[in-house]
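Worksheet: the structure to be examined is printed underneath.
There are 2 protein chains.
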Amino acid sequence: MVDRATTSTTKTEIPEEIAGLRMTRQRQEVYRILMEQRDHPTAQEVFLKAKDSLPNLSLATVYNCLEALVQHGIIRQVNFERESSRYCPNLREHGHFHDARTGVIHDVDFKPGCQLSDFLELPPGATIDDIEITIRGKIPTA
Amino acid sequence: MVDRATTSTTKTEIPEEIAGLRMTRQRQEVYRILMEQRDHPTAQEVFLKAKDSLPNLSLATVYNCLEALVQHGIIRQVNFERESSRYCPNLREHGHFHDARTGVIHDVDFKPGCQLSDFLELPPGATIDDIEITIRGKIPTA
DNA sequence: GCTGGAATTAGAATAATTCTTGCTATCGGT
DNA sequence: ACCGATAGCAAGAATTATTCTAATTCCAGC
């Protein structure tokens, strides 16, 4: 049985509140799964994993939790083409590289000192709220 | 009534075949709408416009046409968050700037001589098939 | 321990897109 | 010009990810 009487778990320790968001058991579990398994899972995948410790979790709750975490800037939602959304606890500004061979999504960091405006002819005076860079390509098997 | 006996129209001239794709009346119309109205319309929007000249066009056909055009590299599909796909006849490599204020999507070109690998820590040996850069931000009203 | 607001659940609803089926147009060969 | 083969099209059903709704449960503060 799972320890339900205290906040402490044998797993990763997660505070009761992050960024003003009350971390319920479901939100903790969802967040912990994202932190432990950083391969950008879908809501469905998170749901399946989370059911191990919260057997009567519902998929809607996973969506709710993910949305709450996204809204509070604790995780990021990543969309690739029209596939299911994926979720990512890496808050550093970074892009995503989809390996067409394996389907794996790698985080790719920006090189230090790089300014996007050095690259793009942005509309004059434009302010940037959010950037999404997705690259599809192949990584040699070697 | 619409001239159906010849290939020539009073509108933009479109060849009977592009990149090996037979340009049927429906595909021509879809393509012409994208070329004339370069604001990244959705399938639905293309459908509504196209119905003017092809009254018994179906939405499924618009999707078919768009897919055929995308497959043949004649247009590009653009996805933003989980919204409806949008379509773009601009084949130059470019990004998209979503103005949060107006909802308008602007094409943004890469500055000449820019290499994405100068910016990103790509996995070693990675080859790039396709890049998608989307920026959300605001453009001053002035 | 009660209570009100927030969170969760289960299932229905929604919306974009794709699939299926039967019909129609077009093409290449005669 | 005709004919069979093939590709394209239309209409509506089906699919799928996600959101919504309503009812229950949980929890923090009193």
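Those sequence lines, one after another, are chains V and G. So in the numbering used here, spot 78 of the first sequence is number 78, and the numbers just go up one at a time. So in the numbering used here, spot 118 of the second sequence is number 118, and the numbers just go up one at a time. Even for Gly, the Cβ is constructed at its ideal location relative to N, Cα and C. Remember, predicted model here, so these are calculated numbers, not experimental data.
Taking the Cα of Gln-115 of chain V as reference, the smallest distance to any Cα among V:Arg-76, V:Ser-58, V:His-94 and V:Gly-103 is reached at V:His-94.
Val-104 of chain V sits exposed, since fewer than 16 C-beta atoms from the chains shown fall within 10 Å of its C-beta. Between Leu-21 of chain V and Ile-75 of chain V, the C-beta gap is not smaller than 8 Å, which leaves the two residues out of contact. In the structure shown, Ile-74 of chain V adopts coil according to DSSP, grouped into three states. Under a 10 Å Cβ-count criterion, Pro-41 of chain G is classified as buried, with 16 or more other Cβ atoms of the shown protein chains found around its own Cβ.
Pairing Leu-66 of chain V with Val-30 of chain V gives a Cβ-Cβ distance under 8 Å.
Cβ contact annotation for Lys-49 of chain G (same chain, cutoff 6 Å, sequence separation greater than five): Ile-33, in chain order.
Contact between Leu-120 of chain G and Phe-110 of chain V holds, with the beta-carbon distance rounding to 6 Å and staying under 8 Å.
Within 9 Å of the CB of Asn-79 of chain V, the CB atoms of chain G belong to Asn-79, Phe-80, Glu-81 and Arg-82, in sequence order along the chain.
Residue-level contact check: Ala-100 of chain V touches chain G, since one or more beta carbons of chain G fall below 8 Å from its beta carbon. With respect to Val-62 of chain V, Val-46 of chain V sits close: the two C-beta atoms are nearer than 8 Å. DSSP places Val-46 of chain V inside the alpha helix (DSSP H), whose first and last residues are 43-51. Ranked by how close their Cα comes to the Cα of Met-23 of chain G, the residues G:Ile-139, G:Ala-43 and G:Asn-64 have G:Asn-64 in first place.
Nearest in C-alpha terms to Leu-91 of chain V, of all of V:Gln-37, V:Leu-54, V:Val-70 and V:Ile-128, is V:Val-70. It is roughly 23 Å from the alpha-carbon of Leu-122 of chain G to the alpha-carbon of Glu-36 of chain V. Chain order gives the chain G residues near Leu-120 of chain V as His-94, Gly-95, Phe-97, Val-108, Asp-109, Phe-110, Lys-111, Cys-114, Ile-133 and Ile-135, where near means a beta carbon separation below 9 Å. Contacts between Lys-138 of chain V and chain G, judged by CB atoms closer than 8 Å, involve Ala-126, Thr-127 and Asp-129 in chain order.
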